[in-house]
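Okay, structure coming up:
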């Protein structure tokens, strides 16, 4: 498979390593200093572009891929105000777009179990629920896309929580997300249910970026021959 990388930071390097190890070809690497390469024959030859850039440039990058009929695996978060435009391009224009707030297989297992736990805890109102997330200091969005996905999974099933709020203080019907940016932490997320009697803590702690990079490459392999808006729910069958 011919892969173009858009964004060549730490994640881009990790994706390159895993893709090459799985027998794929990296035909183009586009970063902030070579934007003209979107029009290069090498980029146009790609089967799929894996995009990990910045929130303010992500949607424009997707449009450039769509114009060249290149499938997109999107790893950037913080751009979702344009989500409906992307879905419209997939539905009306036959484009291929794969999005996940987090590509780690472990995190997506966490998402599924988080929803199941919330269903159980909905019947136990003495337990309040809150969240904590820690990411590296380079993380631009807060809460992260992963944190928001976890929060939305809880809000779907906990009737006593109506919305999420970043911070440590809020109303009883707000799901509080405490966010921290420390060092080079790849990603830590914890859901805490707490009553006067005890606490239940549910945690995912990423050790490195390899899990995220592998998931992105698996998504790139998955989109071959497909059209439409795809997610980890399509790739993973649980």
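Numbering (the numbering used here), first residue to last: 122 to 359. Glycine included, C-beta positions come from ideal geometry on N, C-alpha and C.
Answer yes or no: do residue i and residue j have a C-beta to C-beta separation smaller than 7 Å?
i           : j           : result
residue 123 : residue 161 : no
residue 150 : residue 126 : yes
residue 311 : residue 253 : yes
residue 173 : residue 142 : no
Given that a residue counts as buried once 16 or more other Cβ atoms are within 10 Å of its Cβ, and exposed if not, what is residue i?
i           : result
residue 232 : buried
residue 307 : buried
residue 324 : exposed
residue 314 : buried
residue 168 : buried
residue 230 : exposed
residue 215 : exposed
residue 137 : buried
residue 258 : exposed
residue 341 : buried
residue 134 : exposed
Rounded C-beta distance between residue i and residue j? I'm assuming under 8 Å.
i           : j           : result
residue 170 : residue 191 : 5 Å
residue 90  : residue 350 : Nothing can be reported for residue 90, as the shown portion of the chain is limited to 122 through 359.
residue 299 : residue 282 : Not confirmed; about 15 Å, so no contact.
residue 328 : residue 217 : That belief does not hold up - the Cβ atoms of residue 328 and residue 217 are roughly 31 Å apart, past 8 Å.
Can you look up residue i in the DSSP assignment and give me helix, strand or coil?
i           : result
residue 133 : helix
residue 230 : helix
residue 195 : strand
residue 220 : strand
residue 146 : strand
residue 178 : helix
residue 252 : strand
residue 158 : helix
residue 267 : helix
residue 306 : coil
residue 290 : coil
residue 326 : strand
So, do the region 270-288 and the region 336-346 have three or more beta carbon pairs nearer to each other than 8 Å? no
Using 8 Å as the cut-off, can you tell me whether the region 263-281 makes contact with the region 213-227, which would need three or more C-beta pairs spanning the two stretches below that distance? yes
Is it a yes or a no for the region 236-243 touching the region 193-205, going by three-plus beta-carbon pairs under 8 Å? no
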